[in-house]
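**Student:** Let me begin by handing over the structure; questions about it come next.
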């Protein structure tokens, strides 16, 4: 009886999972990850879309590593992945789309292997640098730190080589990609 019940739960999970997706939106800072997540949510009103922004899961500043006396927001150790996982977990079996967007969506070993899809946004260094210099939401960043952001993205922000889900790589988010994005996301 116990084995039958276990198989039933596994089968039920697979049925629900077939109507849900876990999507990672990754890429360098200022590439349009948040804008892309919001676009997906607004464009698919008939599908429940839940968005988890990694920026909302950073540790308090005093718990984040420092680099040259500057808070190093650009490393996975700045993010509370336990809190993220516990908030995301209940949604994994609910119909609809769950999006995790941010710099390091593949840094949690519990989530990395179960993403159904990846939307990856890239920017050439020069474009990234120009956009980041103009980003003064938290004050002007020194040039050395902007270069550090880029190096951290290269080190931590790429999908793992063993990722075998569906992927869509875009140069950055803008409206010229909208039809490709909608087609990619709706296919589940």
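Numbering (our numbering), first residue to last: 26 to 213. Each residue gets a CB set at the ideal place from its N, CA and C atoms; glycine is no exception.
By the DSSP assignment, the beta strand (DSSP E) with residue 60 in it spans what residues?
**Tutor:** No beta strand (DSSP E) contains residue 60, which is instead part of the alpha helix (DSSP H) from 58–68.
**Student:** Classify residue 210 as helix, strand or coil using the three-state DSSP reduction.
**Tutor:** Three-state DSSP puts residue 210 in a helix.
**Student:** Go ahead and pull the three-state DSSP assignment for residue 75.
**Tutor:** Reduced to three states, the DSSP call for residue 75 is strand.
**Student:** Could you name the residues of the same chain whose beta carbon sits closer than 6 Å to that of residue 198, not counting the 5 residues immediately before and after it, in chain order?
**Tutor:** Answer for residue 198: 57, 60, 61 and 146, listed in chain order.
**Student:** Tell me whether residue 155 is buried or exposed, calling it buried when 16 or more other Cβ atoms sit within 10 Å of its Cβ.
**Tutor:** When all chains shown are included, residue 155 counts as exposed.
**Student:** In the DSSP assignment, find the unbroken beta strand (DSSP E) run with residue 177 in it and report its ends.
**Tutor:** Residue 177 -> not in any beta strand (DSSP E); alpha helix (DSSP H) instead, spanning 168–181.
**Student:** Taking all protein chains shown into account, do 16 or more other C-beta atoms lie within 10 angstroms of the C-beta of residue 15, making it buried, or fewer, making it exposed?
**Tutor:** Shown here, the chain extends from 26 to 213; a query on residue 15 therefore has no answer.
**Student:** My guess is that residue 83 and residue 104 are in contact by the Cβ rule of under 8 Å, so how many angstroms apart are they, rounded?
**Tutor:** That pair is a contact at about 6 Å.
**Student:** Identify the continuous alpha helix (DSSP H) that holds residue 223 and give its terminal residues.
**Tutor:** Summary: the structure shown does not reach residue 223, with the chain confined to residues 26 through 213, and so no result is reported for it.
**Student:** As a quick exercise: from 136, 64 and 185, pick the residue whose alpha carbon is nearest that of residue 125.
**Tutor:** Per the Cα distances, 136.
**Student:** Secondary structure at residue 47, three-state DSSP: helix, strand or coil?
**Tutor:** In the structure shown, residue 47 sits in a strand (DSSP, three-state: E or B).
**Student:** Take every Cβ of the region 103–123, pair it with every Cβ of the region 181–190, and state whether three or more of those distances are shorter than 8 Å.
**Tutor:** Segments in contact, no.
**Student:** Residues in its own chain within less than 6 Å of residue 194 by CB, not counting five upstream and five downstream?
**Tutor:** 145.
**Student:** My guess is that residue 182 and residue 128 are in contact by the Cβ rule of under 8 Å, so how many angstroms apart are they, rounded?
**Tutor:** Contact holds; Cβ gap of about 5 Å.
**Student:** According to DSSP, simplified to helix, strand and coil, what is residue 83?
**Tutor:** The answer is strand: DSSP assigns residue 83 an E or B state.
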